[in-house]
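Beneath this line is the structure, given in structure tokens, with notes to follow.
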Amino acid sequence: MSIVLEAHGIRKQFPGVLANDDVSFDLKKGEIHVLLGENGAGKSTLMNVLYGLYKPDGGEIRVNGQAISMSSPRDAIEHGIGMVHQHFMLIPVFTVAENIMLGMESVRGLALDEKVVAERVRELSRDLGMELDPNAYVHDLSVGVQQRVEIVKALYRKAEILILDEPTAVLTPQEVEDLFKIMHDLTNRGVSIVFITHKLKEVLEVADRITVMRGGKVVGSTTPSEISEAELANLMVGREVSLTVDKAAAQPKETVLEVSNLRVLDNLGTVAVDDVSLTVQAGEILGIAGVQGNGQTELVRALTGLARVSGGSIRLDGQEVANASPRRITELGSAHIPEDRQKDGLVLPFPVMDNLVLNTYYLPPFSQGLVVHWDRALENANQRIEQFDIRTPSAMTHVGTLSGGNQQKVIVARELSRPIKLLIASQPTRGLDVGSIEYIHGQIIKRRDEGVAVLLVSTELDEVLQLSDRIAVMYRGKILAVVPAAEATKESIGLLMAGITEKKPA
Amino acid sequence: MSEEQGPKKTRSFKLPPQLVNTGLVPLLAVLTSMVVGGLIIAAAGGNPFAAYAGLFEGAFGSLNALSETTVWASPYIFAGLAVAVGFKGGLFNIGAEGQLAFGAVAAAWIGYALPGMLGADIPAVLHVILAVGGGMLAGGIWAAIPGFLKAYTGGHEVINTIMMNYIALNLTSFLLNGPMKDPNPMNVVARTPLIVESAHLPPVFPEFRFHWGFILAIGMAVLVWWLLWKTTLGFEIRTTGANLDAARYAGVNVKRTIIVTMLFSGILAGMAGAIEVTALNYRHELGFAVGYGFDAIAIALLGKNHPAGVVLASLLFAAMRNGATRMQFLTQIPVDVISVIQALILLFVAADTVVRYIYRIRSRDERFSLTRGWGK
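So the protein lines, in turn, are chains A and B. For the first sequence, the residue numbers in UniProt numbering are 1 to 506. For the second sequence, the residue numbers in UniProt numbering are 1 to 376.
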């Protein structure tokens, strides 16, 4: 097979960081080449270089054997390179056809010729076995379908080389399967794909070849037949990591959280949490599985006092806390690892020290009321940094400059360092690398064993299955079933996540 | 974790990034503005060196010049602190001008009318406290209203403080032309009567206009610093300003914090007006203290919303305003040049990318946002 894309000796320097250090990479025609690495390993930098978004400080890029120089994505597109970003670049209020022709509009006279575009979009998507309605508005489409729009958009621009940046991060298990099918279809037609990910299972499932990056360098190249998941993880992280969660059987005690007939409306006033009842006992982990957007966010926000409850009750340690303030709920012994750590959990321009006392700054020993004793906050920060292995230059470093994993550790350190009865962990490992996931899972299990009641909400089915003692599946705002983890399989939970209940009546 | 073995750190920083952002960039912005201003002076046929020498002499050349510079600086410091406190809380208080005017009106009224209403003299110290305190309260309440609207209805404070400015300035005009007009038959100006002497905030030395208000302003700067960085309330204000969602998550009562921030901001602006009345003019007159509330925005930006920075920026603006007259007298270069330079300073501070580009300062990966988005 011929080599369609080749990067040789790429070097890219950012202030303070050498993001790509003599990186070489090649892509053969019709293959899926996985680029694997933790966050901050330099994968995205390399791809942005290949897509013309960054100018490399050194090295050479060849397309079909010819050295090229790119100064913008427009150049990349001209050379047949298309990219689907992790965060989609679609305009929600435009139709599929409008989004696809954006930047290369078909015109008839002065008017846009949407009909021609729509017809071609229809053909192209039908060809690929993924029917797209060209006249649908993007904001009406599910995330998985939006991703297909992005793919069709690249192909519409005659891309022969497709770069997919963490495409599965936002998809359900079923959507991931569909995506893999589409990818294989594409490679059969001669399209070559670079697939960026840090999820090991996917790598082995889909890759023809694998290149592993760590610390800005390529540390290994292999194929799925030559390597196991564990070896791949070790290569990626640079040390031995454990992929399974070791935990003893749960010893549930008294009920800590009791939710009955809870009803929550979302911002638009539609029912997001519909008559939900559940209990969490001290010393157990109740996992809530479900595809994103089935009411989990609103459930957690209601439990933590961030959203209004419009019906039902929430009892925390015997006290009614429906519509109580976040502060009161926190003071009753509830800890919250929020779904969106940068939006809710941290103040990015503040130092690590400040973020570690974000919800305890007014309490002893940090304050007796009026004045904050920052010397004690600093002492506290240094202890937590040590104890939770937060990799930061100092306690005074702005949290926004830390990696995602370390940002999450700051939150975990803060939430788990006070006496708590309940831990609500929402997507606790989203976007994190293997090493951080291992650490955070360990911390959650440790609290459970110490007698904390844990409510885990995750759209990663593997995570729910690994950690939970009982699993509740949420679908369209309702809890469809609660099953003991021992009886749950990926298939049975997966069906429930899709709303299919025949096999397991709730 | 790979971060440590990971990407190599390179040695590139000479100054800590914090200092570059808050110290070096504003300094270079001022310097660049002076250079561009000098070019403008030269293009107009003047000698920039002579002009700046005149400016310097006028601002610092004698004890009296120094005293006058502090007189200019006092309202700048109060009003600059007012805007800076708002920014720290994520609120863009454009209404300092109106809050300042109400502060002045309230202080003047308490200064001239209250003893008559009570039918008794008020002891000097108490009267000053009442007058200044009344001004602070008037400014505070005037700012707390848009704060309340922001917190409970999501109405944007930029719009509402601008609207409140119109109301305050027109109402002031009405009061000074009508009910509060100086009844002296010789008077044709929109101004209040003189305040009684017990409400005077005296000069520090009898021979200069340098007054206690300036010392009070420095004291307020220290107080603001202490409040913002050393107290729980200050932490709540800064957290709400930096990330409203995180503040809510952390249990901060953000509605209350927004109102308190605006109240505090308005108190400082009101104080600027009250001090002008009690320490300098001994009355309020339409046309006194005009523009301080808007200059304050430039001062807060130049001072990077830090109290120490606000004091320095106020002294700079005060020196330029005060020295300008001397400059014009010595070199015939019109004082308006100073407004041009001040505008340039604001431009370079607001668009600091330009300054960073000129001096090849690498930008840190940090986005400075003045204020939050519309609505909630």
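Even for Gly, the Cβ is constructed at its ideal location relative to N, Cα and C.
### Query
Taking the DSSP output, what are the residues bridged to Ile81 of chain A?
In the first sequence, the residue the question calls residue 81 of chain A occupies position 81. Ile81 of chain A pairs with A:Ile161.
### Task
Compute the Euclidean distance between the alpha carbons of Arg74 of chain A and Leu480 of chain A, then round it to the nearest angstrom.
The residue given as residue 74 of chain A occupies position 74 in the first sequence. The residue given as residue 480 of chain A occupies position 480 in the first sequence. About 48 Å.
### Pick from A:Arg470, A:Glu331, A:Gly216 and A:Asp344 that is closest to Val17 of chain A, judged by C-alpha positions
Mapped onto the first sequence, residue 17 of chain A falls at position 17. For Val17 of chain A, the nearest C-alpha among the options comes from A:Gly216.
### Message
So, with DSSP's three-state summary, where would you put Gly30 of chain A?
### Response
For the purposes of this step, residue 30 of chain A is taken as residue 30 along the first sequence, with counting starting at 1. In this structure, Gly30 of chain A counts as coil in the three-state DSSP scheme.
### Message
Taking CB distances under 8 Å as the criterion, tell me whether Trp374 of chain B reaches chain A.
### Response
The residue given as residue 374 of chain B occupies position 374 in the second sequence. In this prediction, Trp374 of chain B has a pLDDT of 39, which is less than 50 and means its spatial position is unreliable; what the coordinates show is noted afterwards. Chain A, which has no Cβ nearer than 8 Å to the Cβ of Trp374 of chain B, makes this no.
### Whole alpha helix (DSSP H) elements within the region 352–384 of chain A, 4-residue minimum
352–356
### Message
Is there a C-beta anywhere in chain A that falls below 8 Å from the one on Lys304 of chain B?
### Response
As a position in the second sequence, residue 304 of chain B is number 304, starting the count at 1. Closer than 8 Å: no.
### Message
Rounded to the nearest angstrom, what separates Val107 of chain A and Leu19 of chain B at their Cα positions?
### Response
The residue labelled residue 107 of chain A in the question sits at position 107 within the first sequence. The residue labelled residue 19 of chain B in the question sits at position 19 within the second sequence. Roughly 53 Å separates the two Cα atoms.
### Chain-order list of residues whose beta-carbon lies under 7 Å from that of Tyr359 of chain B (same chain, five-residue window excluded)
Within the second sequence, residue 359 of chain B is the residue found at index 359, counting from 1. Around Tyr359 of chain B: Leu28.
#### Entry: Run of the beta strand (DSSP E) containing Arg62 of chain A, from where it starts to where it stops
Working through the first sequence from its first residue, we reach residue 62 of chain A at position 62. That run of the beta strand (DSSP E) goes Gly58 to Val63.
### Query
What number of angstroms, rounded off, separates the C-alpha of Leu53 of chain A from the C-alpha of Leu155 of chain A?
Reading the first sequence from its first residue, position 53 is the one you call residue 53 of chain A. Reading the first sequence from its first residue, position 155 is the one you call residue 155 of chain A. Going from the Cα of Leu53 of chain A to the Cα of Leu155 of chain A covers about 19 Å.
### Query
Should Phe235 of chain B be flagged as near chain A, meaning a C-beta pair shorter than 8 Å?
Position 235 of the second sequence, counted from the first residue, corresponds to residue 235 of chain B. By this cut-off, Phe235 of chain B is an interface position.
### Task
Could you name each continuous beta strand (DSSP E) segment of 3 residues or more that falls completely within the region 208–238 of chain A, going from the start of the chain to the end?
209–214 and 217–222
### Of the residues B:Gly80, B:Leu24 and B:Phe56, the one placed nearest residue 404 of chain B, counting alpha carbons only
Absent from the model: residue 404 of chain B. The displayed extent of chain B is 1 to 376, so no value can be given.
### Message
Phe87 of chain B and Gly139 of chain B - do their beta-carbons sit closer together than 8 Å?
### Response
Locating residue 139 of chain B in the second sequence gives position 139, where the first residue counts as 1. Locating residue 87 of chain B in the second sequence gives position 87, where the first residue counts as 1. Not a contact, by the Cβ cut-off of 8 Å.
### Task
Output yes or no for whether 8 Å exceeds the beta carbon distance between Val203 of chain A and Ile196 of chain A.
Within the first sequence, the letter at position 203 stands for residue 203 of chain A. Within the first sequence, the letter at position 196 stands for residue 196 of chain A. Not closer than 8 Å, so no.
### Query
Using CA coordinates, which residue listed in B:Thr231, B:Asn322 and B:Pro334 is at the minimum distance from Gly37 of chain B?
For the purposes of this step, residue 37 of chain B is taken as residue 37 along the second sequence, with counting starting at 1. For Gly37 of chain B, the nearest C-alpha among the options comes from B:Pro334.
### Task
Taking the CB atoms as reference points, tell me whether Val264 of chain A and Ala233 of chain A lie closer together than 8 Å.
Counting from one through the first sequence, the residue named residue 264 of chain A turns up at place 264. Counting from one through the first sequence, the residue named residue 233 of chain A turns up at place 233. No, they are not a contact pair.
### chain A residues whose Cβ lies nearer than 7 Å to that of Lys230 of chain B
Stepping through the second sequence from its first residue, residue 230 of chain B is reached at position 230. Simply Val371 and Val372.
### Message
Give me the subset of the region 297–319 of chain A whose CB atoms are less than 9 Å from a CB atom of chain B, sorted by chain position.
### Response
Thr304, Gly305 and Leu306
### With 16 other Cβ atoms within 10 Å as the buried cut-off, status of Tyr166 of chain B
Locating residue 166 of chain B in the second sequence gives position 166, where the first residue counts as 1. By the neighbour-count rule (16 or more Cβ atoms within 10 Å), Tyr166 of chain B is not buried but exposed.
#### Entry: Members of the region 238–252 of chain B near chain A, C-beta cut-off 9 Å
Arg238, Thr239, Ala242, Asn243, Asp245, Ala246, Ala247, Arg248, Tyr249, Ala250, Gly251 and Val252
### Query
Roughly how many whole angstroms lie between the Cα atoms of Val237 of chain A and Asn406 of chain A?
Counted from its first residue, the first sequence places residue 237 of chain A at position 237. Counted from its first residue, the first sequence places residue 406 of chain A at position 406. One C-alpha to the other measures close to 15 Å.
### Query
Which chain B residues are close to Pro419 of chain A, counting only those with a beta carbon under 9 Å from its beta carbon?
Position 419 of the first sequence, counting from 1, holds the residue named residue 419 of chain A. The contacting residues do not exist; Pro419 of chain A stays about 16 Å from chain B at best.
### DSSP beta-bridge partners of Pro484 of chain A
For this step, residue 484 of chain A is matched to residue 484 along the first sequence. DSSP output for Pro484 of chain A lists A:Arg470 as bridge partner(s).
### Task
Scan the region 30–60 of chain A for residues whose Cβ lies nearer than 9 Å to a Cβ of chain E and list them as they occur along the chain.
Of the chains in the structure shown, none is chain E; the protein chains are A and B.
#### Entry: Beta-carbon neighbours of Leu346 of chain A, restricted to chain B and to distances below 9 Å
Your numbering for residue 346 of chain A matches position 346 in the first sequence. In chain order: Asn243 and Ala246.
### Query
In or out: Glu123 of chain A buried (at least 16 other Cβ within 10 Å) or exposed?
Your numbering for residue 123 of chain A matches position 123 in the first sequence. So Glu123 of chain A counts as exposed.
### Contact set between Ser367 of chain A and chain B, taken where Cβ atoms lie within less than 7 Å
The residue given as residue 367 of chain A occupies position 367 in the first sequence. Chain B residues near Ser367 of chain A: Thr232.
### Task
Note down, in chain order, every chain B residue with its Cβ under 8 Å from the Cβ of Pro364 of chain A.
As a first step, residue 364 of chain A must be located in the first sequence, where it is residue number 364. Per Cβ cutoff of 8 Å: no residues; Pro364 of chain A is ~12 Å from chain B at best.
### DSSP state of Gly37 of chain A mapped onto helix, strand, coil
Your numbering for residue 37 of chain A matches position 37 in the first sequence. Strand, per DSSP.
#### Entry: Contact between the region 184–198 of chain B and the region 44–56 of chain B (3+ Cβ pairs under 8 Å)
no
### Task
Could you confirm whether any beta carbon from chain B is found closer than 8 Å to the beta carbon of Pro326 of chain A?
Sequence index remark: in the first sequence, residue 326 of chain A carries index 326 (1-based). Interface residue, yes.
### Task
Could you tell me whether the Cβ atoms of Trp109 of chain B and Asn322 of chain B are closer together than 8 Å?
Mapped onto the second sequence, residue 109 of chain B falls at position 109. Mapped onto the second sequence, residue 322 of chain B falls at position 322. No; because the gap between Cβ atoms is not below 8 Å, this pair is not in contact.
### Task
Take the Cβ of His306 of chain B as the centre, count every other Cβ of all protein chains shown within 10 Å, and call the residue buried at 16 or more, exposed below.
For the purposes of this step, residue 306 of chain B is taken as the residue at position 306 of the second sequence. Per the 10 Å Cβ criterion, buried.
### Partners in chain B for Phe25 of chain A, counting only beta-carbon separations shorter than 7 Å
Taking the first sequence and counting its residues from 1, one reaches residue 25 of chain A at position 25. Ordered by position in chain B, no residue passes the 7 Å Cβ test against Phe25 of chain A, which lies about 17 Å from the chain.
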